[in-house]
Amino acid sequence: MLVQDRSPKPPKPTPSPSLPSHHHRFSESKSLDFSTWFSENLYKIVIISLLLATVAALFFLRRVGDTAALFCFQESQSKAHLPSAIPYPNLPPSSSIPAIIDRSSPYSSFRSDRWIVVSVSSPPSDSLRRLAKVKGWQLLAIGNSLTPSDWSLKGAIFLSLEQQASLGFRIVDHLPYNSYVRKSVGYLYAIQHGAKKIFDADNRGDVIGGDLGKHFDLELIGEDARRTTVLQYSHDDPNRTVVNPYIHFGQRSVWPRGLPLENVGEVSHEEFYTEVYSGKQFIQQGLSNGLPDVDSVFYFTRKSKLEAFDIRFDEDAPKVALPQGMMVPVNSFNTIFHSSAFWGLMLPVSVSTMASDVLRGYWAQRILWEIGGFVAVYPPTVHRYDRVESYPFSEEKDLHINVDRLIKFLILWRSEKPTLFEKILHLSYSMAEAGFWTEQDVRFTADWLQDLLAIGYQQPRLMTLELGRPRPTIGHGDRREFIPRKLPSVHLGVEEAGTVNYEIGNLIRWRKNFGNVVLIMFCSGPVERTALEWRLLYGRIFKTVVMLSEQNNTDLAVGYGQLWQAYKYLPKIFDQYTGAEGFLFLQDDTVLNYWNLLQAEKTKLWITHKVPESWMTVSIEAKNKTWFSSQAELLKRVVSNLPAHFQVSYKESMDEDKQRIILCNSEIFYVPRRFVGDFVDLVGLVGDLDIHHKIAVPMFFMAMDSPSNFDDVFQTMVHRDQPPSNASLNIYSSQASAVHPWNVSSESDFVKLIRIMATGDPLLMEMV
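Spelled out as structure tokens, the structure:
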């Protein structure tokens with residue numbers, strides 16, 4: 086399709102009248118009296134006068150203090166010289182946008198208020214034939230460059246690439262030819278032809294019972310609406326921003342695509358719920374039996390290659406809503422959108438296909454709060470069949486790297502724009518500035534909104550947001566309890582047995598104990614090969630896994646740091662997680678057996694002071710100019726400037742012996758919340774001095790508290806200078822609190838580690 090220029094063409098410039106010609110080379114001499122001179126130079130006098138008046142006006146504005154007008158002038162001049170990374174598109178008034186009317190498709194006069202929209206790349210499947218027969222719904226199939234040219238299905242409307250291009254929608258110019266995101270054309274077509282409800286589906290799912298009305302709330306207002314209350318996740322914890330809805334429906338060890346991997350370990354059910362009145366669940370996410378919406382990490386680590394998934398959810402569990410400030414993954418193959426949320430159907434085009442619908446879901450949920458709406462998750466509505474095909478992990482990069490940061494960004498985002506569509510455009514622009522998608526999706530959003538207005542869509546009214554205000558206290562009478570069933574799952578092709586329930590119980594206990602502890606992990610190995618694996622391993626247990634490395638990698642959310650001064654990077658991390666119960670530092674050459682740390686007191690300091698191979702005393706001779714003596718001199722300078730309480734504690738621990746220093750490998754240590762302020766102060770006292778991590782950390786610990794008060798949890802640690810050659814497995818013990826050293830530099834190394842750690846945590850075998 087040719088891209089039409091929608092802006093009016095400028096009129097041709099009118100040629101200026103020619104100056105009168107002079108037939109004589111020399112004109113006749115004229116009188117030089119004042120009146121003659123004034124008349125001939127009148128236009129010059131006027132121009133000079135205007136210039137003088139302008140200068141005088143600007144000078145007057147400066148002198149009288151009318152800086153506002155002058156500042157605007159100066160600001161516009163300065164902005165003209167600044168580079169504009171992403172231009173902000175204009176959204177014209179709806180009255181100035183010409184209507185788009187379907188005059189080209191064979192079904193231009195057809196109208197229906199219920200539509201099913203799917204993308205098709207292959208001949209009609211049996212599931213698609215059954216979708217076409219769902220009573221009361223019109224199936225709309227959207228083709229792409231992979232779709233057979235003779236595609237047809239009785240009962241379905243099919244839009245080929247050529248037909249899509251002829252509809253006049255602006256968004257067509259942004260869409261790739263070979264992607265399911267072309268469904269955006271189908272959404273507009275359905276809205277243009279009377280849609281009030283759109284079921285976003287794919288071609289591999291069967292509606293259970295063949296009736297969508299038995300599963301979803303199709304009527305939200307009027308006599309047919311279900312005037313009931315809906316269970317809602319509790320907003321009691323302000324730090325909880327995303328949930329795994331599969332737990333509510335009986336599958337605690339399964340997680341949906343788009344859930345941050347650090348939240349995978351949250352497997353305990355809700356302590357309590359609240360309730361919300363039905364009628365505002367404008368986006369309704371259904372679950373899928375058989376093959377649920379899972380990511381490639383789950384798909385490849387939870388079963389053998391030739392076994393098809395057949396996972397079931399509790400059909401009797403009640404639907405559950407999400408309050409403002411809390412989000413859930415939303416997909417594009419089993420979701421009902423009501424007309425108040427049609428603006429949220431836009432599938433972004435500058436991200437990977439596996440991330441497009443999930444990013445759309447989070448983006449739409451944030452805007453939904455602006456109109457008082459919410460997302461609700463429903464019991465299984467379709468059965469999807471597992472075709473045992475590859476899941477492209479590389480296509481999920483946008484999810485695993487950015488989704489946690491995106492959720493936090495959306496929770497904090499605010500806009501003062503006066504209308505809903507202006508807020509939508511503002512959010513898309515803000516997300517492009519933050520790097521979640523590109524300028525292409527900003528332009529796409531602007532055209533999407535104009536297309537909606539052009540086909541007659543009325544944008545919903547805004548409602549006052551209460552985000553940022555203190556959340557109301559949940560009284561005892563407001564609490565509602567629902568205990569989910571524990572349904573069988575599949576692990577490596579074998580159904581769960583009773584022992585798995587015990588193992589999951591252990592995982593819940595570990596998560597409950599460390600669920601508010603931040604793990605700070607320093608990676609010396611190649612982060613591009615191991616970062617996601619470390620997060621997957623320890624993210625099941627800890628609140629958050631923060632990663633540092635001398636190999637900076639923003640794509641993997643790995644921050645830069647130097648190991649020899651790693652302690653200097655910790656205060657910034659402490660500031661980011663002010664609600665954390667404590668911080669556990671771990672180097673990647675040390676294996677952490679978290680199941681042996683449950684008895685440790687989280688209000689005390691933990692370090693390897695009872696492990697002689699890690700914590701040792703080094704004698705310093707005054708005349709010996711070794712590295713230790715230079716470090717001792719720096720240490721002496723710091724200690725002499727310590728406040729009294731730090732200095733006394735340190736000197737008592739050292740027994741006033743000035744010829745010794747403590748050297749600790751500091752590969753693992755724990756700082757509880759009550760000592761965070763002291764740790765930060767001590768880092769500040771070190772300042773720019775080049776004190777090594779192995780010298781500074783033990784000094785900090787002895788200055789903060791006496792070693793007799795440290796918890797001895799690491800005294801069972803296995804510590805060797807070097808592992809036995811070709812027999813590193815011989816040093817591992819599941820009874821130890823930690824094991825050092827251990828080398829993980831590739832995925833195969835990680836698999837070996839997981840298999841040996843499974844002696845203490847059998848559920849780890851699900852990962853390999």
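Taking our numbering, the leading residue of the sequence shown gets 86, the next gets one more, and so forth.
Where is the CB? At the ideal position from N, CA and C, for every residue including glycine.
By the Cβ rule, the stretch 595-614 counts as touching the stretch 646-656, because three or more pairs are nearer than 8 Å. Put simply, the backbone Cα of serine 194 is about 31 Å away from that of threonine 466. Where proline 464 is concerned, the enclosing beta strand (DSSP E) starts and stops at 460-469. Inter-residue distance for proline 757 and glutamate 666 is about 6 Å (C-alpha atoms, whole angstroms).
Its Cα nearest to that of leucine 316, the residue Val462 stands out among Leu682, Val462, Gln223 and Glu832. Two segments are said to touch when three or more pairs of C-beta atoms, one from each, lie closer than 8 Å; by this definition the stretch 632-651 does not touch the stretch 551-570. A contact is defined here as three or more CB-CB pairs under 8 Å, and the stretch 419-438 meets this definition with respect to the stretch 281-288.
If you ignore the 5 residues before and after aspartate 532, its C-beta comes within less than 6 Å of the C-beta of Arg255 and Ile256, all in its own chain and listed in chain order. Residue environment for glutamine 684: exposed (fewer than 16 other C-beta atoms within 10 angstroms of its C-beta).
Around the Cβ of tryptophan 712, a 10 Å sphere holds fewer than 16 other Cβ atoms; the residue is exposed. By the CB criterion at 9 Å, arginine 565 and tyrosine 384 fall outside the cutoff. Spanning the alpha carbons of serine 819 and tryptophan 691 requires a straight line of approximately 19 Å. A direct Cα-Cα distance of roughly 7 Å separates tryptophan 200 from leucine 225. Every beta strand (DSSP E) of 3 residues or more that sits fully in the stretch 642-699 is shown, in chain order, as 643-645 and 667-672. DSSP places valine 415 outside both helix and strand once states are collapsed to three, so it counts as coil. CA-CA distance, tryptophan 340 to glycine 350, rounds to 9 Å. Taking every protein chain shown into account, the CB of isoleucine 776 has 16 or more other CB atoms within 10 angstroms, so this residue is buried. If you ignore the 5 residues before and after isoleucine 753, its C-beta comes within less than 6 Å of the C-beta of Leu671, Thr675 and Ala823, all in its own chain and listed in chain order.
When the Cα atoms are used, glutamine 661 and glutamine 800 turn out to be separated by approximately 31 Å. Here the C-alpha atom of leucine 484 lies approximately 44 Å from the C-alpha atom of isoleucine 747. A Cβ-Cβ distance of about 17 Å is found for the pair histidine 354 and proline 573, leaving them out of contact under the 8 Å criterion. In the three-state reduction of the DSSP assignment, serine 204 falls in the strand class.
Where lysine 282 is concerned, the enclosing beta strand (DSSP E) starts and stops at 282-286. Around the beta-carbon of glutamate 481, 16 or more other beta-carbon atoms lie within 10 Å, marking it buried. For the pair arginine 594 and arginine 625, the CB atoms are not nearer than the 9 Å cut-off. Distance between aspartate 640 and cysteine 749, taken at the CA atoms: about 33 Å. Where glutamate 524 is concerned, there is no enclosing beta strand (DSSP E), although the alpha helix (DSSP H) around it starts and stops at 524-539. Approximately 6 Å separates the beta-carbon atoms of isoleucine 396 and glutamine 336; this is inside 8 Å, confirming the contact. Assignment of phenylalanine 764 by DSSP, reduced to helix, strand and coil, places it in the helix class. Threonine 232 counts as buried, since at least 16 other C-beta atoms from the protein chains shown sit within 10 angstroms of its C-beta. At least 9 Å separates the beta-carbon of asparagine 229 from that of tyrosine 192. Leaving aside the five residues that flank phenylalanine 786 on each side, the residues in its chain whose CB is nearer than 6 Å to its CB run, in chain order, Leu690 and Ile692. Short of 6 Å from the beta carbon of phenylalanine 529, and not among the five residues preceding or following it, lie these beta carbons of its own chain, in chain order: His259 and Val434. Listed in chain order, the non-local C-beta contacts of valine 765 below 7 Å within the same chain comprise Pro656 and Phe659, local neighbours out to five positions each way being set aside.
Following the DSSP letters along the chain, one finds asparagine 374 inside the beta strand (DSSP E) bounded by residues 368-375.
Counted as a single uninterrupted DSSP element, the beta strand (DSSP E) harbouring serine 634 occupies residues 629-634.
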